[in-house]
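S.K.: Here it is, the structure, as structure tokens.
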Amino acid sequence: MKKTNPSLKVLLSLLLVGILAVLSPVTCVASEGNSGKINISLLGRYDSADVAAIRAVDVDNKEIRFRNHSTGKTYTLNYDNTSMMFDIYGRALSPRLLEVGQIVEVTFLKSTKHITTLDVSREAWTIASTRDHDLVRNDGTAVVKGDVYKIDPRTLIIAEDQLALAEDILSTDTVTVSGIGKDIYSVVVQSGHGYVSLSSETVENQSLVGAWLELDNEVIHKISPNMLLSAPEGDYNLQILGNGANYQSEVSINRNQETVIDTSNVTISRPKEGLVTFDIDPDTADVFVDGTRMLTGVPQTIQYGYHNLKIIADGYVTQTKYLKVGTPKSVISITLEKEESAEEASSATASISLPHKESSDASSKASTKEKDKNKSSSASSSASRVISSNSSGKSTVDTGNKVIEGYRIYIDEPNGAELYFDGNYIGLIPCSIAKISGNHEIIIKKAGYETKSYRINIDRQETNLKYEFPPMIKIKDDKAAEDNSSDSASKASTQAPSESSTESSSAPSEASSEDSTGASTESSSQGASDQDGTSKDSGDSSGGASSDDHGSDSSSEVSDAASTASASSGD
């Protein structure tokens, strides 16, 4: 048999390497083994590239799931020790150090779904662990730490490793946001929320309705019948003040779980009173506490607890705040802001701020810092305080929302569930509520199902709205379902369903589209779980709310009211 010329064999192998080098950016090495066979390594070869957010990392199966922001598609790639991964400084990176929501530049082989290289994007920005956000504004934008960004159904939103909607994220949730330019690629909830309720609203034949509940200034809420509040997860010092109650206890709020406060430990005593002196600039201002006009410059007797404080003067911005009385004697010093300067401040910040309690708090503090500085000594010398209604505490007091007379919000689904609006019990769905503009919080609860909350925003248009919230998820644990059932039964109301609605409003859903990378794809839809590798389209609506009539408060403290929400409109 005629043997092949060795030099010809080497020439052919080098020619093959050259062709491969031209076809793809690959590191090719050709060598002749002892057997005479030519071995060619294609280390570094790829035919597809993408800039994507990390959806999940499975180090056991050596797989990474990605969300392509252009299409909203989710796809999975595998990796091994030949896959090269680097951080933004070009240093080698272990897959274990990758984070959900991180934006990366990835190259891979389409046919094998194998990662060639993965680099943490140097073009991306990240805002870590913030509560200063408003993700639901009904105009395709979101505000994070005062800056406006684009957000849409293609944005990857993750809560507890599951896909979520922007409406699922409350203003008290702590999130990490990542994006490129003005586009938000991902939002990951770092710390969520749970729920708080009372075992009973009656103690020693005395009703607690109208008293105030406080969780370390994170939650300040006037107790209402059958109320259910959301609160950031964590440990708190809880207080119940008013109606003769002065109760304190340590409580823990766990994510997505309801903490029931045992009010049998609350004792009722004769309400205490404190002497509060109001020092207001200008001195012509009228001061109202719970609607009653008070004298200024002389001590006034006010019961311990929270009260609604309103200060009015011609030519000045009206202030609605919380007044918390907690000491025998206190002085409240407040300087009102002139209307002209208030308008200038408002127009100067309109392009970068929103009606969100934390961002509003920042601007409020900035504008009043110098004025408060001179009088802070008298106000801070006692435990009685004036708390800004836009302070960090979650307030259910409505200072800017407007009742749209003659129009209502109709909630049709999920049928038979309990509806809470800003913590106040409304009734069983289907039901309706007066249309109140602004940001609000909806909680939906049903025996045997997971309690769910939504952030909504209601417009000021003279139209009715109709909402159908997503189907509720059953609780898997039978015992948990029993506990939930008994608790819900004790709070259930006999309120009849309200009249039907005239308009509907749906929450955004994530549409499937062809994967631009050509890799294996999984249709992914916000608001639907995809933990089994498949996702479900979510055409769920997100819904509306009713009015909250709580006022401001302070312990001879004063705080501004704030509410949160997201919205949609109808005829």
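Here the sequence shown stands for residues 281 to 851, where the numbers follow our numbering.
Cβ coordinates follow ideal geometry from the N, Cα and C atoms, glycine included.
1) What does DSSP give as the partner residue(s) for D456 in the beta ladder?
2) To the nearest angstrom, how far is the alpha carbon of K393 from that of R535?
3) At the level of alpha carbons, what is the spacing between V467 and N737?
4) Let me know the secondary structure DSSP gives G504 once reduced to three states.
5) Measuring alpha carbon to alpha carbon, tell me which residue in R376, Y584, Y734 and R325 is nearest D340.
6) Which partner residues does I548 have in the DSSP bridge list?
7) Thinking C-beta only, is G524 closer than 8 angstroms to I503?
8) Throw me the rounded Cβ distance for the Q470 and T456 pair, which I believe falls under 8 angstroms.
9) Are the Cβ atoms of V546 and Y527 separated by less than 8 angstroms?
10) Just to confirm my understanding: we take K425, look at its own chain, exclude 5 residues before and 5 after, and list those with CB closer than 7 angstroms. What are they?
11) Looking only at C-alpha atoms, which of V428, I464 and D338 sits nearest to G230?
12) Does the stretch 381-398 come close enough to the stretch 413-433 to have 3 or more Cβ pairs within less than 8 angstroms?
13) Could you check which residue in E498, T454 and K462 has the C-alpha nearest to that of T421?
14) Taking the continuous beta strand (DSSP E) assigned at G370, which residues delimit it?
15) According to the Cβ coordinates, are L357 and I395 closer than 8 angstroms?
16) Only counting the same chain, and skipping five residues up and downstream in sequence, which positions put a Cβ closer than 7 angstroms to that of I706?
17) On the criterion of 16 or more Cβ atoms from any shown chain inside 10 Å, does V683 qualify as buried, or is it exposed?
18) CB-CB under 6 angstroms to S363, same chain, minus the five flanking residues each way: which ones, in chain order?
19) What residue range is occupied by the uninterrupted beta strand (DSSP E) comprising T581?
20) Return the residue from the list I755, C711 and D566 that minimises the CA-CA distance to Y747.
21) Does DSSP put S827 in a helix, in a strand, or in coil?
22) If you draw a straight line from the alpha carbon of I612 to that of I582, how long is it in whole angstroms?
23) Name the one or two DSSP bridge partners that P375 has.
24) Alpha carbon to alpha carbon, how far is T543 from E617?
25) Please determine, among Y729, G577 and G459, the residue with the shortest C-alpha to C-alpha distance to P694.
26) Would you call the stretch 572-591 and the stretch 491-502 in contact, with 3 or more CB pairs under 8 angstroms?
27) If you reduce the DSSP assignment to three classes, tell me which class G381 lands in.
28) If we ignore side chains and look at the alpha-carbon of each, how far apart do A491 and H349 end up?
29) In whole angstroms, what is the alpha-carbon distance linking D338 and L378?
30) Indicate the three-state DSSP secondary structure (helix, strand or coil) for E619 in the structure shown.
31) To the nearest angstrom, how far is it from the Cα of V380 to the Cα of A439?
32) Under three-state DSSP, which class holds D702?
33) Going by C-alpha distance, which of S510, D566 and E685 is nearest E498?
34) Determine the direct distance from the alpha carbon of T598 to that of I560, and round the result to whole angstroms.
35) Would you mind giving the Cβ-Cβ distance between H473 and D453, rounded to the nearest angstrom? I have them listed as a contact below 8 angstroms.
36) What's the gap between the Cα of S796 and the Cα of A372?
M.R.: Taking the structure as given:
1) Against the sequence shown, residue 456 aligns to sequence position 176. A small correction: the amino acid at residue 456 is Thr; Asp does not occupy that position in the sequence shown. Its beta-bridge partners are V468.
2) In the sequence shown, residue 393 corresponds to position 113, counting from 1. In the sequence shown, residue 535 corresponds to position 255, counting from 1. The straight-line gap from Cα to Cα measures roughly 36 angstroms.
3) Mapped onto the sequence shown, residue 467 falls at position 187. Mapped onto the sequence shown, residue 737 falls at position 457. Computed Cα separation, rounded: 19 angstroms.
4) As a first step, residue 504 is located in the sequence shown; it is residue number 224 there, counting from the start. Note that residue 504 is Ser in the sequence shown here, rather than Gly. In this structure, S504 counts as coil in the three-state DSSP scheme.
5) Within the sequence shown, the letter at position 60 stands for residue 340. Relative to D340, the option among R376, Y584, Y734 and R325 whose CA is nearest is R376.
6) By one-based count along the sequence shown, residue 548 stands at place 268. Beta-bridge pairing links I548 to A525.
7) As a working note, residue 503 is residue 223 in the sequence shown. As a working note, residue 524 is residue 244 in the sequence shown. No, these two residues do not count as a Cβ contact at 8 angstroms.
8) The sequence position of residue 470 within the sequence shown is 190, counting from 1. The sequence position of residue 456 within the sequence shown is 176, counting from 1. At roughly 6 angstroms, the Cβ-Cβ gap stays under 8 angstroms, so Q470 and T456 are in contact.
9) Translated into positions along the sequence shown, residue 546 becomes position 266. Translated into positions along the sequence shown, residue 527 becomes position 247. Cβ atoms of V546 and Y527: closer than 8 angstroms.
10) By one-based count along the sequence shown, residue 425 stands at place 145. If you ignore the 5 residues before and after K425, its C-beta comes within less than 7 angstroms of the C-beta of I407, T410 and D412, all in its own chain and listed in chain order.
11) The structure shown does not extend to residue 230, since the chain spans only 281 to 851, so no value can be given for it.
12) Touching, no, given that fewer than three Cβ pairs across the two stretches are closer than 8 angstroms.
13) Translated into the one-based positions of the sequence shown, residue 421 becomes position 141. Closest by alpha carbon: K462.
14) Residue mapping note: residue 370 aligns to position 90 of the sequence shown, counting from 1. From DSSP, G370 is part of no beta strand (DSSP E); its letter is neither H nor E.
15) By one-based count along the sequence shown, residue 357 stands at place 77. By one-based count along the sequence shown, residue 395 stands at place 115. Contact flag set, yes.
16) For the purposes of this step, residue 706 is taken as residue 426 along the sequence shown, with counting starting at 1. The beta carbon of I706 sits closer than 7 angstroms to the beta carbons of L699, Y700, I713 and S826 from its chain, once the five residues preceding and following it are set aside; these are given in chain order.
17) As a first step, residue 683 is located in the sequence shown; it is residue number 403 there, counting from the start. Flag for V683 reads exposed.
18) The residue labelled residue 363 in the question sits at position 83 within the sequence shown. Closer than 6 angstroms at Cβ, skipping near neighbours: I395.
19) Taking the first residue of the sequence shown as position 1, residue 581 is located at position 301. Element bounds for T581: Q580 to Q583.
20) For the purposes of this step, residue 747 is taken as the residue at position 467 of the sequence shown. Considering only alpha carbons, the answer is C711.
21) Here residue 827 is taken as the residue at index 547 of the sequence shown, counted from 1. Summary for S827: the model assigns pLDDT 35, below 50, so the residue's position carries little reliability; its value from the coordinates is reported in the next sentence. Correct three-state label for S827: coil.
22) Translated into positions along the sequence shown, residue 612 becomes position 332. Translated into positions along the sequence shown, residue 582 becomes position 302. Going from the Cα of I612 to the Cα of I582 covers about 13 angstroms.
23) Counted from its first residue, the sequence shown places residue 375 at position 95. Paired residues: none, contrary to the question.
24) Within the sequence shown, numbered from 1, the residue matching residue 543 stands at position 263. Within the sequence shown, numbered from 1, the residue matching residue 617 stands at position 337. The alpha-carbon atoms of T543 and E617 are separated by roughly 41 angstroms.
25) Mapped onto the sequence shown, residue 694 falls at position 414. Nearest C-alpha to P694: Y729.
26) Put simply, the stretch 572-591 touches the stretch 491-502. At least three CB pairs are less than 8 angstroms apart.
27) Numbered from 1 along the sequence shown, position 101 holds the residue referred to as residue 381. DSSP places G381 in coil when its eight states are reduced to three.
28) Indexing the sequence shown from 1 puts residue 491 at position 211. Indexing the sequence shown from 1 puts residue 349 at position 69. If I take the Cα positions, the gap works out to 48 angstroms.
29) By 1-based counting over the sequence shown, the position of residue 338 is 58. By 1-based counting over the sequence shown, the position of residue 378 is 98. When rounded, the distance between both Cα atoms is 10 angstroms.
30) Translated into the one-based positions of the sequence shown, residue 619 becomes position 339. Residue state, collapsed to three classes: helix.
31) What you label residue 380 is simply residue 100 of the sequence shown in a count that begins at 1. What you label residue 439 is simply residue 159 of the sequence shown in a count that begins at 1. Approximately 11 angstroms, taken between the alpha carbons.
32) Locating residue 702 in the sequence shown gives position 422, counting from the first residue. Coil, per DSSP.
33) Locating residue 498 in the sequence shown gives position 218, counting from the first residue. Looking at the Cα atoms, S510 is the closest of the given residues.
34) Numbered from its first residue, the sequence shown carries residue 560 at position 280. Numbered from its first residue, the sequence shown carries residue 598 at position 318. C-alpha separation (whole angstroms): 12 angstroms.
35) Position 193 of the sequence shown, counted from the first residue, corresponds to residue 473. Position 173 of the sequence shown, counted from the first residue, corresponds to residue 453. Between D453 and H473 the Cβ distance is about 6 angstroms, and since that is below 8 angstroms, they are a contact.
36) In the sequence shown, the residue the question calls residue 796 occupies position 516. In the sequence shown, the residue the question calls residue 372 occupies position 92. Legend: pLDDT at S796 = 41, less than 50; position of this residue unreliable, value from coordinates given subsequently. Distance between the alpha carbons of S796 and A372 is about 27 angstroms.
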